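Okay, so here's the structure we're looking at.
Residue numbers (our numbering): 851 to 941.
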């Protein structure tokens, strides 16, 4: 590819199916990422209007999201020691 054709390819807007193919994931995952903030353009009004994606914006979002949007791993809370003490029965 020449520099000009690469620049034109970067300007092209992708459908959810095309983006899913590029990212090797499902279109459902693409829509999940939209809900998480994936940059997109909605063509028309309403929730059912088709979405388009700019490859450079998506790649930048993914690069940024590898650390900034990562879900922190929760450590399992250790129960207090009192839960493990033997029961004392009143006689």
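We treat Cβ as the ideally placed atom computed from N, Cα and C, and that holds for glycine. Nothing here was measured: the structure is a model prediction, and the numbers come from that model.
Within the model, the alpha-carbon separation for residue 897 versus residue 913 is close to 27 Å. Only residues of its own chain outside the window of five on either side were considered, and among them 863, 901, 902, 903, 904 have a CB closer than 8 Å to the CB of residue 891, listed in chain order. Sequence-distant partners of residue 899 (beyond 5 residues in either direction) whose C-beta falls short of 8 Å from its own C-beta, in its chain, are 892, 893.
Judged by DSSP in its simplified three-state form, residue 895 adopts coil rather than helix or strand.
Residue 873 carries a helical assignment under DSSP once its states are collapsed to helix, strand and coil.
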